[in-house]
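Below is one structure, written out as structure tokens; comments come after it.
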Ligand code: ZN
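Residue numbers (my numbering): 1454 to 1766.
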């Protein structure tokens, strides 16, 4: 028996820094012109994706994870482990940091921590991201934060389209206005906001989490050069591994003719970020997100398609 490809309907999030490129460039029906996030593959209660078609149509991904564990390789994890987003940052996101699993478990009701990574879909010339900081010790970090020495503290690194960046827990980071990013992360929504540019939403500032941030920020920060790599000109028609960490594996696949491979992972998530083509007889195009279940067998793809794929170990 062949298992079906699980196509998903995304969930959308309005954000003060969001825009309308998720409609203009990906064709999604977005809820408004400040749509910052498309939760494309998610079983998180804050945005649980619904299966689009086929025998599981209408079920949420979290439901399917519980009812049909065989689709995901009978994992012993208690929830679907990944969350894939497309982010449209019209304006700067807050400067933030995420806890690791241990800290989140203790301080955030048993939630998971958050390790995430970014593939830059598009950005203006001369774009940059905030990755890391310049404090040499915890004391210096606290002083710089409490005295609002943001320009001294924050480390900006230049980036371009096709760059790939891993953000480990404890890394101060921020996406800057003008960037579109595909994010692969742990299934968690725990963010500590260090600084929000003193912006107001409905006359109020968003909540900051200064003490938690100081607790979890890694000091000193690892070098910026270690965190950014180009993933633009990789070999075509093969799965190129971008990262393997404790929580996920991420690949980039650029199909220009045809490609055939075995799906040997517990499941494989795919997000089409460019082009159109076919997968095992079904049409796919930019903006489609789907899961190849466990035991899917041979994957056959044709056309001109760029995909970011992920799985767990
Ligand atoms: Zn983050």
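Beta carbons are placed, not taken as given, at the ideal position from N, Cα and C, and that holds for glycine.
Pairing residue 1480 with residue 1725, the inter-Cα distance amounts to about 13 Å. As a beta-bridge residue in DSSP terms, residue 1702 pairs with 1697, 1764. Taking a C-beta distance under 8 Å as the contact criterion, residue 1590 and residue 1672 qualify as a contact pair.
Straight-line measurement puts the Cα of residue 1669 at about 33 Å from the Cα of residue 1760. The continuous beta strand (DSSP E) containing residue 1738 extends over residues 1735–1738.
By the C-beta density criterion, residue 1666 is buried, having at least 16 other C-beta atoms within 10 angstroms.
Judged by their CB atoms, residue 1535 and residue 1697 are not nearer to each other than the 8 Å cut-off.
Residue 1663 sits in a helix when the DSSP states are folded into three classes. Shown here, residue 1538 sits in a strand according to DSSP, grouped into three states. The beta carbon of residue 1753 is closer than 6 Å to those of 1713, 1733 in its chain, skipping five residues each way along the sequence. Per the coordinates, the alpha-carbon of residue 1628 lies some 33 Å from the alpha-carbon of residue 1716. For residue 1593, the CB stays at least 7 Å from every heavy atom of ligand 1.
Residue 1518 is positioned such that its CB atom lies closer than 8 Å to that of residue 1496. Annotated three-state conformation of residue 1567 is coil, per DSSP. The beta carbon of residue 1694 lies closer than 7 Å to those of 1702, 1704 in the same chain, with the five residues before and after it left out. Counting along the chain, the unbroken beta strand (DSSP E) around residue 1682 starts and ends at 1681–1683. For ligand 1, no non-hydrogen atom lies closer than 7 Å to the CB of residue 1671. Residue environment: residue 1711 is assigned as exposed (fewer than 16 neighbouring CB atoms within 10 Å of its CB, all protein chains considered). With fewer than 16 other beta carbons inside 10 angstroms of its own, residue 1527 counts as exposed. For residue 1466, the enclosing beta strand (DSSP E) covers residues 1464–1472. Residue 1708 sits close to residue 1756, with the two beta carbons spaced by under 8 Å. By the Cβ-count criterion, residue 1530 is exposed, with fewer than 16 other Cβ atoms from all chains shown falling within 10 Å of its own Cβ. The beta-carbon separation of residue 1608 and residue 1678, rounded to 11 Å, does not stay under the 8 Å limit for a contact. Per DSSP, the unbroken beta strand (DSSP E) holding residue 1586 starts and ends at 1581–1586.
Listed in chain order, the non-local C-beta contacts of residue 1729 below 8 Å within the same chain comprise 1736, 1737, 1738, 1739, 1756, 1757, 1758, local neighbours out to five positions each way being set aside. Not one heavy atom of ligand 1 sits closer than 7 Å to the Cβ of residue 1497. In the structure shown, residue 1505 adopts coil according to DSSP, grouped into three states.
In this structure, residue 1639 has its CB at a distance of at least 7 Å from all heavy atoms of ligand 1. Beta-bridge partners assigned by DSSP to residue 1646: 1549. When the beta-carbon positions are compared, residue 1577 and residue 1508 stay at least 8 Å from each other. Less than 8 Å divides the Cβ of residue 1584 from the Cβ of residue 1680. Around the CB of residue 1498, fewer than 16 other CB atoms lie within 10 Å, so the residue is classed as exposed.
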